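No gaps in the numbering here: position 22 of the sequence shown is 12 in the numbering used here, and each next residue is one more. Virtual Cβ for every residue (Gly too), placed ideally from N, Cα, C. Since the model is a prediction, treat every value here as computed from it, not as a measurement. Report on one structure; see the data block that follows.
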Amino acid sequence: MKPTHWILLGLTLCVLTVAALFTVQNSGRTTDLSLDLYFWAWHLERDVVVPYLLWGTLGGGFLAGSIAGRLSGRGESTASSYTAPTSSYGSTSATDDDWT
């Protein structure tokens, strides 16, 4: 493995460790959810566990972002549409370099 892979693996393990600790330490905390629109009110009957609420919101955001990215076409690779610049003489190498 390359050194960058080890660094990414270490960072991933650190993030997963903190996420697991957050979930375990806060699994006893619950919250009461409601929404009042002044013409209609909604109230959840059961309390929601806070870490599950946060992880569900994070996952929903990633899902919505990936769907929006694919629908806008930004999820596709742009390397296949890249064309190399050509000089005025028709070759693909740039011979009019100002630095030489």
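F29 and Q15 have their C-alpha atoms spaced approximately 38 Å apart. Collapsing the DSSP output to three states places S17 in coil.
If you draw a straight line from the Cα of S17 to the Cα of V39, it is about 6 Å long. Residue range V40 to S62 is occupied by the alpha helix (DSSP H) that includes L53. Taking the Cα positions, L27 is about 24 Å away from A54.
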